[in-house]
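S.K.:
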Amino acid sequence: MDLLVTGASGRLGPSLVQALQRDGDRLRLMSRRGTGPGGVRGDLATGFDLGTALAGAEVVVHAAGDPRNAWEVDVAGTRRLVQAVDRDRLRHLVYVSVVGVDRIPLSYYRAKYAAEQVLLASGLPVTIVRVTQFHVHVDELLATARRGPVLPVPMGWRAQPVDAADAAAYLARVARAAPAGEVLEFGGPEEMAVADLARAWAAARESGAHVVSTPLPGRLSTAVRDGAALPAGGERGRRTYSAHLRG
Ligand SMILES: NC(=O)c1ccc[n+]([C@@H]2O[C@H](COP(=O)([O-])OP(=O)(O)OC[C@H]3O[C@@H](n4cnc5c(N)ncnc54)[C@H](OP(=O)(O)O)[C@@H]3O)[C@@H](O)[C@H]2O)c1
148 MDLLVTGASG RLGPSLVQAL QRDGDRLRLM SRRGTGPGGV RGDLATGFDL GTALAGAEVV
208 VHAAGDPRNA WEVDVAGTRR LVQAVDRDRL RHLVYVSVVG VDRIPLSYYR AKYAAEQVLL
268 ASGLPVTIVR VTQFHVHVDE LLATARRGPV LPVPMGWRAQ PVDAADAAAY LARVARAAPA
328 GEVLEFGGPE EMAVADLARA WAAARESGAH VVSTPLPGRL STAVRDGAAL PAGGERGRRT
388 YSAHLRG
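Position 126, counted from 1, in the sequence shown is what this note's numbering calls 273; the numbers after and before it change by one each time, with no gaps.
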């Protein structure tokens, strides 16, 4: 099998590569620089080298994205990817999206949703997998939110983060199965209040940080309070956020 991963150099990428690796397959990893073992060059923002990168690929796991340049990379880039794939060879294209893109009014989410629509209308054998926040990303967000001794978090927000390795194992299984032609959702094992996630993070990583729940008005906040960031039924990852913090 000839497989290509976009976004292999990101947070999810290394776990995805590990989960997809199998003897006898050819696994190529696309990035803008194309360096490292299995590396091929391809730029979604410009289309540069995309045709060469995608030539012969039977399975594509599309995990590249750029929140700072989403309409160019995630949306127009996905359109460029659709044009560049080898239609005669392609058996399955799996797109990594985010749980809540259809319900949470965030500009990056609007772009991810638009990218999903590009793929669903492409006529290609696709599956969209919406995933909740990776544990490592939750750590980053909390570290950024900290203001000296205070860690403010939006009151009432709920989340169900997932370990990148669990998400990668699920994505690899989906990628090797038949295309679903629809949207699947995947999240971690437990729903938690964001304030509890923050307390667990502070206790494990930043014992001086004091978590303060702050009311946050607006449609985005209401959506997250109402559970828009929680995955719909289906499979779940196993590793909890506490286990991640202990690890
Ligand atoms: N982070 C989360 O918690 C989370 C949760 C759910 C879903 N997701 C989705 O999962 C996917 C992976 O997320 P992540 O957090 O691992 O991403 P990330 O760490 O931000 O990495 C982004 C990846 O996209 C690649 N990329 C950026 N611009 C590109 C371009 N112009 N051409 C080609 N490649 C480009 C980067 O490669 P180079 O810079 O090396 O070229 C990098 O490998 C994304 O689609 C994201 O929306 C993320």
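Note that CB positions come from ideal geometry on N, CA and C, so glycine has one too.
Per DSSP, what are the beta-bridge partners of L174 in this structure?
M.R.: L150
S.K.: For a quick check, are the C-beta atoms of H209 and L228 less than 9 Å apart?
M.R.: yes
S.K.: Could you give the DSSP three-state label for P272: helix, strand or coil?
M.R.: coil
S.K.: Just verifying my parser: in three-state terms, what is the DSSP assignment at R386?
M.R.: coil
S.K.: Sorry if obvious, but does the Cβ on G245 come closer than 8 Å to a heavy atom of ligand 1?
M.R.: First, the amino acid is wrong: residue 245 is Val here, not Gly. Within the cutoff, so yes.
S.K.: Using DSSP with H/G/I as helix, E/B as strand and the rest coil, what is G198?
M.R.: helix
S.K.: Under 8 Å from any heavy atom of ligand 1, does the C-beta of D213 make it?
M.R.: yes
S.K.: Cβ of G335 within 9 Å of Cβ of T274?
M.R.: no
S.K.: Please report how far the alpha carbon of S360 lies from the alpha carbon of G224, in whole angstroms.
M.R.: 38 Å
S.K.: Report the partner residues of D361 according to the DSSP bridge assignment.
M.R.: What sits at residue 361 in the sequence shown is Thr, not Asp. Paired residues: P301.
S.K.: Can you check DSSP and say which residues form a bridge with Y242?
M.R.: Y242 pairs with H209 and I275.
S.K.: Do L201 and A322 come within 9 Å of each other at the CB atom, strictly closer than that value?
M.R.: Not a contact, by the Cβ cut-off of 9 Å.
S.K.: Does the structure place the stretch 348 to 357 close enough to the stretch 260 to 279 that three or more beta carbon pairs sit under 8 Å?
M.R.: With the cut-off at 8 Å, the stretch 260 to 279 and the stretch 348 to 357 do not touch.
S.K.: Output the distance between the C-alpha atoms of A327 and A217, rounded to the nearest integer angstrom.
M.R.: 25 Å
S.K.: What is the DSSP secondary structure of A192, reduced to helix, strand or coil?
M.R.: coil
S.K.: So, helix, strand or coil for V232, using DSSP?
M.R.: coil
S.K.: Look at the alpha carbon of E263 and the alpha carbon of S368, and state the distance between them as a whole number of angstroms.
M.R.: 23 Å
S.K.: When you compare each of A312, V206, R158 and P252 to D235 by their alpha carbons, which one comes out closest?
M.R.: V206
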